[in-house]
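In our numbering, the protein residues as written are 54 to 182.
Using N, Cα and C, we set each Cβ at its ideal position, and we do this for glycine too.
Report on one structure; see the data block that follows.
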Amino acid sequence: MGGFYEPHVNADGTRDPYFVRLTDREVFGVAGLWDRSRREDGSYVFSCTLITVPANRMLAEIHNAKQRMPAILAESDHEAWLRGALPEARRALTSFPDERMQAWRVSHRVNSPKLPNDASLIEPHEAPR
54 MGGFYEPHVN ADGTRDPYFV RLTDREVFGV AGLWDRSRRE DGSYVFSCTL ITVPANRMLA
114 EIHNAKQRMP AILAESDHEA WLRGALPEAR RALTSFPDER MQAWRVSHRV NSPKLPNDAS
174 LIEPHEAPR
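The structure is reproduced here in structure tokens:
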């Protein structure tokens, strides 16, 4: 992925979305799991989930209601996560260093599936107060 969104809960209970990315890579991998289940009619249901880990300092301030973050994989851990033994894969599940990440507030448009999904969604946005 190139980045992800996290919500910040303000003192008044409102939420502001933030876009988070890495400073040293345009595209990065995160730990996830997928499954395929067969229905009684023979069709399949495909599902997936991202693995989360405790938030680093920066993400704990942003994602303050649930202090967690996606398990961002170091480039050297991709194979361990995809093909390694369980102990190797578990070692890859760490909080990514916050000094290699940046985040900024974005428009609330990211929460509306009815609006266009384009590059402007990740542009910095300062909400009027």
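{"Item": "A133: CB within 7 angstroms of a non-hydrogen atom of the ligand PLP", "Value": "Among the components modelled here there is no ligand, and therefore nothing to report on the ligand PLP."}
{"Item": "Counted within 10 angstroms of its Cβ, other Cβ atoms place G55 as buried (16 or more) or exposed", "Value": "exposed"}
{"Item": "Beta-carbon proximity check, Y58 vs F72, cutoff 8 angstroms", "Value": "yes"}
{"Item": "Continuous alpha helix (DSSP H) assignments of at least 4 residues falling wholly in the stretch 102-144", "Value": "110-115, 131-136, 139-144"}
{"Item": "Status (buried if at least 16 other CB within 10 Å, exposed otherwise) for P123", "Value": "buried"}
{"Item": "First through last residue of the beta strand (DSSP E) which encompasses D88", "Value": "85-91"}
{"Item": "Three-way DSSP call (helix, strand, coil) for S160 in this model", "Value": "coil"}
{"Item": "For H61 and H116, the rounded distance between their alpha carbons", "Value": "5 angstroms"}
{"Item": "Minimum C-alpha distance to L75 - residue among P169, V163, F149", "Value": "F149"}
{"Item": "DSSP-derived helix/strand/coil call for E187", "Value": "The structure shown does not extend to residue 187, since the chain is modelled only from 54 through 182, so no value can be given for it."}
{"Item": "Cβ contact (3+ pairs, closer than 8 angstroms) linking the stretch 152-164 and the stretch 129-144", "Value": "no"}
{"Item": "Inter-residue spacing [alpha-carbon to alpha-carbon] between V83 and A133", "Value": "12 angstroms"}
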